[in-house]
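Scroll down for the structure; my scribbles are underneath it.
Residue numbers (this note's numbering): 13 to 245.
Quick look at the structure:
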């Protein structure tokens, strides 16, 4: 059973997500929070596997709550999926640097919401298809300007975005990273490259170790910032 915490300042949004997720046999909503501080309190109390976190909330916003939950050497680190809207691109780039495991739009359908929770719990990530490439292309643009945005100062020490130089990836690892950066799932990458899902996971684990990346989103962000993805687009 995947244990989930919902954090959003709009009660109607929390209620809707709770109804959708509670209908799934393998997902349990264990707590809800209406602001960032309450989210941290509930996360410590209930230790959920996944937190669905609104970016903009009172008292403590979702970004600050995310940074606290994903801070280095934390004894407890849930997977945090940010819940957002189309006008949140600046916040999203900062959320990548802070360690978000995925992004989903508030108006996403029930299937995508449940898939995002399952992906995060499995150590994968899910980004709403309509914002995947748009967001990551923005990261590439930010990365081309020294000292700006998530590509520079906001990246946490030891993360992929903060490490200078280009790690040496094998040709196959580069192929996997390019497809990951385009928003493909592990299964889709496996099909595209005629390899197994297990092999895809092994390649991604090796890439994350080389980059010092905390999750797939950081790998994708690194690929866009460094021109590995999006060439010719």
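Just so you know, even glycine gets a beta-carbon here, dropped at the ideal spot from N, CA and C.
Going by DSSP in three states, residue 76 sits in which element: helix, strand or coil? The residue labelled residue 76 in the question sits at position 64 within the chain shown. Three-state DSSP puts residue 76 in a helix.
Environment of residue 217 [buried if 16+ CB atoms lie within 10 Å]: Residue numbering aside, residue 217 sits at position 205 when the chain shown is read from its first letter. Result: exposed.
Would you mind working out which of 118, 78, 109 and 107 sits nearest residue 26, comparing C-alpha positions? Start at 1 with the first residue of the chain shown, and residue 26 comes out as number 14. Minimum Cα distance to residue 26 is reached at 118.
From residue 121 to residue 84, what distance separates their C-alpha atoms? In the chain shown, residue 121 corresponds to position 109, counting from 1. In the chain shown, residue 84 corresponds to position 72, counting from 1. When rounded, the distance between both Cα atoms is 33 angstroms.
Give the DSSP bridge partners of residue 93, in chain order. Position 81 of the chain shown, counted from the first residue, corresponds to residue 93. Bridge partners of residue 93: 64 and 114.
If you measure between the beta carbons of residue 93 and residue 42, is that distance less than 9 angstroms? In the chain shown, the residue the question calls residue 93 occupies position 81. In the chain shown, the residue the question calls residue 42 occupies position 30. Going by C-beta atoms, residue 93 is not nearer than 9 angstroms to residue 42.
So residue 78 and residue 111 are in contact, right, with Cβ under 8 angstroms, and what is the actual spacing, rounded? For this step, residue 78 is matched to residue 66 along the chain shown. For this step, residue 111 is matched to residue 99 along the chain shown. Yes, residue 78 and residue 111 are in contact; Cβ-Cβ is about 7 angstroms, under 8 angstroms.
Roughly how many angstroms separate the alpha carbons of residue 24 and residue 65, rounded to a whole number? As a working note, residue 24 is residue 12 in the chain shown. As a working note, residue 65 is residue 53 in the chain shown. Cα-Cα distance, rounded: 15 angstroms.
Quick check on DSSP: helix, strand or coil for residue 15? For the purposes of this step, residue 15 is taken as the residue at position 3 of the chain shown. DSSP places residue 15 in strand when its eight states are reduced to three.
Mind reading off the beta-carbon distance from residue 46 to residue 21? Whole number of angstroms is fine, and I expect it under 8 angstroms. As a working note, residue 46 is residue 34 in the chain shown. As a working note, residue 21 is residue 9 in the chain shown. Their Cβ separation, rounded to whole angstroms, is 5 angstroms, which keeps residue 46 and residue 21 in contact under 8 angstroms.
Rounded to whole angstroms, what's the CA-CA distance from residue 196 to residue 205? Just pull it up for me. Indexing the chain shown from 1 puts residue 196 at position 184. Indexing the chain shown from 1 puts residue 205 at position 193. Taking the straight line from one Cα to the other gives about 12 angstroms.
Mapping DSSP to helix, strand and coil, what is residue 42? Here residue 42 is taken as the residue at index 30 of the chain shown, counted from 1. Residue state, collapsed to three classes: strand.
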